[in-house]
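Numbering (mature numbering (1 follows the signal peptide of the UniProt record, and there is no 0)), first residue to last: -17 to -1, 1 to 152.
Every residue gets a Cβ at the ideal spot worked out from N, C-alpha and C, and that includes glycine.
Computed from a predicted model, the values in this text were never measured in an experiment.
Shown next, in the form of structure tokens:
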């Protein structure tokens, strides 16, 4: 049996970042920005100040969207227990989540199991992480995309983070 690896070359560029705290008593966004490194690469900085600690249960809903006369679903939405995932990130049923997580594992401070007793930081998450990770294996067409994420703590939507980006092959 022959294995053929296809490496795709694509460029990812962040275009917008929207952070919204649904429950202002729960916390606030100190920083939510995209910063340019150079003409082609940008990075994301997030600092989420939490008022209600510890966090023992964290559900996350991810929705991949593609722009086509408005943002429309591009891939099936996923809802999962992040605390349970962090207990066993190598589980085979979570392969897509594992690839997404691997892109920001070195840029964040929430790389451990629950409970979370601290603010959440994402520091200099740049687009090269996405290019080097799973996008080199997936044939994704050129276009504008978004990743909508909703965070449920505990089972109530508390915050939304929408990252918008452009892919060019």
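Span of the alpha helix (DSSP H), counted from its first residue to its last, around residue i
i	result
residue 84	78 to 87
Simplified DSSP assignment, three categories, for residue i
i	result
residue -7	strand
residue 60	coil
residue 66	helix
residue 75	helix
residue -16	Note on residue -16: pLDDT 48, under 50, position unreliable in the model; the coordinate value appears next. It is coil, neither helix nor strand.
residue 133	strand
residue 17	strand
residue 22	coil
residue 10	strand
residue 5	coil
residue 28	strand
Cβ-based neighbour list, residue i, same chain, cut-off 8 angstroms, excluding 5 preceding and 5 following
i	result
residue 20	26, 109
residue 103	29, 30, 31, 33, 91, 92, 93
Extent of the continuous beta strand (DSSP E) run through residue i
i	result
residue 35	Premise fails: residue 35 is in no beta strand (DSSP E) and is neither H nor E.
residue 106	103 to 109
residue 145	140 to 151
residue 123	Element bounds for residue 123: n/a, residue is neither H nor E.
Residues near residue i in its chain [Cβ-Cβ closer than 6 angstroms; skip 5 each side]
i	result
residue 149	-5, -3, 127
residue 35	9
Cβ-based burial, residue i [other Cβ within 10 Å; buried from 16]
i	result
residue 53	exposed
residue 144	buried
residue 136	buried
residue -15	The pLDDT assigned to residue -15 is 48, lower than 50, so where the model puts this residue is not dependable; a value taken from the coordinates is nonetheless given after this. Per the 10 Å Cβ criterion, exposed.
Sheet register partners of residue i (DSSP bridge)
i	result
residue 93	Residue 93 pairs with nothing; no bridge assigned.
residue -2	147
Sequence-distant residues of its chain with Cβ nearer than 7 angstroms to residue i (five each side left out)
i	result
residue -12	Here residue -12 scores only 43 on pLDDT, less than 50, and its place in the model is too uncertain to base an answer on.
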